[in-house]
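Student: First, the structure itself, so that you have it in front of you.
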Amino acid sequence: MTTPDQANIAALNAVLGQIFRLYVQTHGYHWNVEGPNFRQLHALFEAQYQTLWAALDEIAERIRIQGAYAPGTVADLMALAAPEAAPAQSADAMVTALIAEHETLAATLRDAISTAGDAGDEVSAGLLTDRLEWHEKELWMMKASQA
């Protein structure tokens with residue numbers, strides 16, 4: 012039987028793993044993007060991966076505050092994330108892939124917010140809500156760039 016606190020920690024771990032995977036993917040796109048929108052996308056991807064990197068620390072510290080150990084290896088983090096997407100080669104494919112990943116993470120965040128609420132963990136719910144707001148804004152900007 013899983014207690015609300017255990018479910019909350021599991022949800023935070025799932026968010027952490029997905030953010031880590033998205034961080035790696037976004038950083039790789041930053042390194043490899045090319046084409047007529049290079050400067051814009053290179054800067055966008057850099058801003059995104061820097062924000063994702065900072066989020067990792069916030070979520071991991073929140074897990075520690077809950078009394079659990081945060082995953083500490085790449086293997087542990089990747090085990091918490093969905094399988095990696097196939098690499099994208101074109102700038103358009105990179106943006107499309109990132110849109111899909113941010114949408115997936117937004118859904119995970121919504122579930123984690125609910126789980127934190129069930130556990131009476133308003134601080135985690137607030138932290139996760141702030142994360143969701145950032146991902147939704149990035150989604151809007153990326154989708155608008157494809158219009």
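Quick note on the numbering used here: the sequence shown kicks off at 12 and runs consecutively. Backbone N, C-alpha and C define an ideal beta-carbon position, used for all residues, glycine too.
Indicate whether Phe-56 and Met-105 have their beta-carbon atoms separated by less than 9 Å.
Tutor: By one-based count along the sequence shown, residue 56 stands at place 45. By one-based count along the sequence shown, residue 105 stands at place 94. Yes, these two residues count as a Cβ contact at 9 Å.
Student: With 16 as the cutoff for other CB atoms within 10 Å, does Phe-49 come out buried or exposed?
Tutor: The sequence position of residue 49 within the sequence shown is 38, counting from 1. Flag for Phe-49 reads exposed.
Student: Nearest CA to the CA of Ala-58: which residue from Ala-155, Glu-149 and Ser-135?
Tutor: Within the sequence shown, numbered from 1, the residue matching residue 58 stands at position 47. Checked all of Ala-155, Glu-149 and Ser-135; the closest Cα to Ala-58 is Glu-149.
Student: Under 8 Å by Cβ, that's how I've got Ile-74 and Ile-30 pegged, so tell me the actual separation to the nearest angstrom.
Tutor: As a position in the sequence shown, residue 74 is number 63, starting the count at 1. As a position in the sequence shown, residue 30 is number 19, starting the count at 1. Actually they do not touch by this definition, with Cβ atoms about 12 Å apart.
Student: Decide if Glu-45 is buried, meaning its Cβ has at least 16 other Cβ atoms within 10 Å, or exposed.
Tutor: Counting from 1 along the sequence shown, the entry for residue 45 is found at position 34. Exposed.
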